[in-house]
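Participant: Protein sequences appear in the order of chains A and B.
1 is the number of the first residue of the first sequence in the UniProt record's numbering; add one for each residue after it.
1 is the number of the first residue of the second sequence in the UniProt record's numbering; add one for each residue after it.
Got a structure here, written out as structure tokens. Questions coming.
2 protein chains.
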Amino acid sequence: MRPVHSALEIVALIGQRQPIGVSAIARDTGLPKTTAHRVLQTLHAAGWIEPDANDGANWSLSIRAALAVGSAQRSTRQLHGAAFPIMEELRNTTGESVYLAVRDADTLALIERLDGRNPLAHAWPLWQRGPLHATSLGKSMLAHLDPAELESCLNATLPRMTRQTKTDRAAIEAELAVTRARGFATSFRENWPNENGVGAAIRNSRGEPTAAISISAPVDRVDEAQCIAWGPLLVAAARRISLGLTRG
Amino acid sequence: MRPVHSALEIVALIGQRQPIGVSAIARDTGLPKTTAHRVLQTLHAAGWIEPDANDGANWSLSIRAALAVGSAQRSTRQLHGAAFPIMEELRNTTGESVYLAVRDADTLALIERLDGRNPLAHAWPLWQRGPLHATSLGKSMLAHLDPAELESCLNATLPRMTRQTKTDRAAIEAELAVTRARGFATSFRENWPNENGVGAAIRNSRGEPTAAISISAPVDRVDEAQCIAWGPLLVAAARRISLGLTRG
DNA sequence: GACCAACGTTCCGCCATATGGAACGAACAA
DNA sequence: TTGTTCGTTCCATATGGCGGAACGTTGGTC
Chain A
1 MRPVHSALEI VALIGQRQPI GVSAIARDTG LPKTTAHRVL QTLHAAGWIE PDANDGANWS
61 LSIRAALAVG SAQRSTRQLH GAAFPIMEEL RNTTGESVYL AVRDADTLAL IERLDGRNPL
121 AHAWPLWQRG PLHATSLGKS MLAHLDPAEL ESCLNATLPR MTRQTKTDRA AIEAELAVTR
181 ARGFATSFRE NWPNENGVGA AIRNSRGEPT AAISISAPVD RVDEAQCIAW GPLLVAAARR
241 ISLGLTRG
Chain B
1 MRPVHSALEI VALIGQRQPI GVSAIARDTG LPKTTAHRVL QTLHAAGWIE PDANDGANWS
61 LSIRAALAVG SAQRSTRQLH GAAFPIMEEL RNTTGESVYL AVRDADTLAL IERLDGRNPL
121 AHAWPLWQRG PLHATSLGKS MLAHLDPAEL ESCLNATLPR MTRQTKTDRA AIEAELAVTR
181 ARGFATSFRE NWPNENGVGA AIRNSRGEPT AAISISAPVD RVDEAQCIAW GPLLVAAARR
241 ISLGLTRG
């Protein structure tokens, strides 16, 4: 059912880029502008999208869309409840921003963010997707994935986010081995040009790395040594969250 | 685009009733079973639904669905943040369950629930929709709606939830007048046969009643007099939440 | 064990309807 | 003014969604 595929793709795109207009949607999806326009009218008639409150020319998701799939968040809600208090501890002891993300196929999505004492210039917005291979969040999960899934995450052409982003398959695999050994992952200017991060994977009851937490900060405030020093802290926090999931 | 409408309707239905199978979906939407089946296959291929983890024969929404529209929750997230601490206060002072809901067209959806000291036998699940006219949550919002919207909410045939549900238009309007005057709404066995409730509306920055909080409890523990006595408490709490929204 | 109801699934011919290139007026920048 | 990009409308084409009918399977009942 082609129209349904188009509609779902457009809904997801609006979720990532709202507010957004017809032409941009057509460009990003590869659909003809006519088709995109028709789909938008349909979504609007169904009440899933509406003209943006501030930018009336473009489209945003409506509350109805949120309510329709709200129950799908039961899983992330449990995770959220287990992780939040521990993330607060991490934020208080380090003073830096703490992130919580889940994996979906070969991307990750940010579920929660606690801002540090000095708020970041470009805070990563909630629900925004990001690459697995360039973030400490993503690499901590990749390191513990089974080979088949790892393959499906890495066989595409990996986007280069900054000059430091590792896009070479062998280099990434080598780093994942280090990550696997020490339990935490790092990202030094690999996702944003002036930001370092350190992250650790959270495991569900079957032991799969379905989520991750990380600390991220500007390079001039937190250098690579500091990230590595914080590593064990994150490993311990992630383990406590994982335990909270299996019990709860 | 008929297929898109069907797909969105089915997604919303699964969100309300998951896990659910093809036949039940076909019944509830009025679609032929063949069409429902085809839509489900399409949604599955797109990754929005998956066979339920416990009940493999039926379908549930996937995490991908939640992530796709996650950003639509920005609005409810702000509300949630403003309401949560005040709801906790209410729960602690009364010891009963506290609810937070938003309105969508002529229904309401539960966004947050804090269980009281004695958990209810049939707790209302999060994200579950309910009727406006039979709940204190709904009536508190209806009372402050502008006439046009009120009309669109009440002109359909109002479902009778219990023997005490008021479905007569004149009776409802009369009660809304009382509600408007005193600032809070009540529901005595009108939504569940053995439950009383009292609620107050939360207003957004434009003064519109977009959400509501309520306290609900079994009739043998909380009688009608107790609900009315708690009324001013809820009005004060709702006002504080409203102020938190306009400032935040 | 035999029956029946309800389930999920597959098949197939018909024709409704999604498609997308082309052209339009409006808004904006250079 | 000119050129670009925006959102929108039109229309002939043929793609692909439609739904009745029939299938195999499961689970409950007598």
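Even for Gly, the Cβ is constructed at its ideal location relative to N, Cα and C.
#1: Is it the case that the segment 73-81 of chain B contacts the segment 234-248 of chain B, given that we only count it when at least three CB pairs across the two stretches are under 8 Å?
#2: Name the residue from Pro131/A, Leu137/A, Arg38/A and Asn204/A whose alpha carbon lies nearest to the alpha carbon of Pro159/A.
#3: Excluding five sequence neighbours on each side, which residues of the same chain lie with their C-beta closer than 6 Å to the C-beta of Leu43/B?
#4: Using a beta-carbon distance below 9 Å, is Ser71/B in contact with chain A?
#5: Can you give me the Cβ contacts of Glu88/B inside the same chain, cut-off strictly under 7 Å, excluding the 5 residues immediately before and after it?
#6: Per DSSP, Ala101/B is paired with what?
#7: If we ignore side chains and look at the alpha-carbon of each, how far apart do Glu195/A and Ala181/A end up?
#8: Assess, as a yes-or-no matter, whether the segment 90-99 of chain A is touched by the segment 49-60 of chain B under the definition of 3 or more beta carbon pairs within less than 8 Å.
#9: Per the DSSP calculation, Ile202/A is bridged to which residue(s)?
#10: Any heavy atom of the ligand SAM closer than 8 Å to the Cβ of Ser216/A?
#11: Quick one: what's got a C-beta closer than 8 Å to Glu112/B's C-beta in the same chain, skipping five residues either side?
#12: Could you compute how far the alpha carbon of Gly47/A sits from the alpha carbon of Arg17/B?
#13: Taking all protein chains shown into account, decide if Glu9/A is buried (16 or more other Cβ within 10 angstroms of its Cβ) or exposed.
#14: Should the segment 21-39 of chain A be called in touch with the segment 33-40 of chain B, which here means at least 3 C-beta pairs below 8 Å?
#15: Judging by CA-CA distance, which residue of His133/A, Ala156/A, Glu149/A and Ala170/A is the nearest neighbour of Arg189/A?
#16: Do Arg206/A and His144/A have their beta-carbon atoms positioned less than 9 Å apart in this structure?
#17: Show which residues of chain A have a CB atom less than 7 Å away from the CB atom of Asp104/B.
#18: Any C-beta of chain B within less than 7 Å: which residues of the segment 127-145 of chain A qualify?
#19: Could you have a look at Thr35/B and say whether DSSP puts it in helix, strand or coil?
#20: Would you call the CB atoms of Thr210/B and Val69/B closer than 9 Å?
#21: What are the start and end residues of the alpha helix (DSSP H) that includes Glu224/A?
#22: Buried or exposed: which applies to Val22/A, given that a residue is buried once 16 or more other Cβ atoms fall within 10 Å of its Cβ?
#23: Among all the DSSP beta bridges, which residues are the ones paired with Trp59/B?
#24: When you compare only the Cα positions, how much space is there between Trp192/A and Thr162/A?
#25: Does the CB of Arg91/B have a neighbour CB from chain A at under 9 Å?
#26: What's the gap between the Cα of Ala236/A and the Cα of Ile213/B?
#27: Please list the partners that His5/B has in chain A, where partner means a Cβ-to-Cβ separation under 9 Å.
#28: Give the residues of chain B in contact with residue 301/A, contact being defined as C-beta atoms less than 8 Å apart.
#29: Would Ala65/B and Val4/B qualify as a contact pair, given that the criterion is a beta-carbon distance under 9 Å?
#30: Are the C-beta atoms of Leu8/A and some chain B residue less than 9 Å apart?
#31: With 9 Å set as the bound, which would you pick, yes or no: does the beta-carbon of Thr94/A sit closer than that to a beta-carbon of chain B?
#32: Whose C-alpha, out of Ser152/A, Val219/A and Trp230/A, is nearest the C-alpha of Ala185/A?
#33: Can you look up Ser116/B in the DSSP assignment and give me helix, strand or coil?
#34: Around the Cβ of Ser152/A, are there at least 16 other Cβ atoms within 10 angstroms (buried) or fewer (exposed)?
#35: To the nearest angstrom, how far is the alpha carbon of Ser62/B from that of Arg2/A?
#36: So, Ile172/A versus Val198/A, is the Cβ gap smaller than 9 Å?
Facilitator: According to the structure data:
#1: yes
#2: Pro131/A
#3: Ile49
#4: yes
#5: Leu114
#6: Leu110/B and Ala212/B
#7: 24 Å
#8: no
#9: Ala211/A
#10: No copy of the ligand SAM appears in this structure; indeed no ligand is present at all.
#11: His80, Ala83, Phe84, Met87, Tyr99, Leu100 and Leu126
#12: 20 Å
#13: buried
#14: no
#15: His133/A
#16: no
#17: Ile63, Arg64 and Leu67
#18: Trp127
#19: helix
#20: no
#21: Glu224 to Arg247
#22: buried
#23: Ile20/B and Pro51/B
#24: 6 Å
#25: no
#26: 38 Å
#27: Thr42, Ala45 and Ala46
#28: Because residue 301/A is not part of the residues shown, which for chain A are 1 to 248, the question remains open.
#29: no
#30: yes
#31: no
#32: Trp230/A
#33: Checking the sequence shown, residue 116/B turns out to be Gly, not Ser. Note: Gly116/B maps to coil in three-state DSSP.
#34: exposed
#35: 20 Å
#36: no
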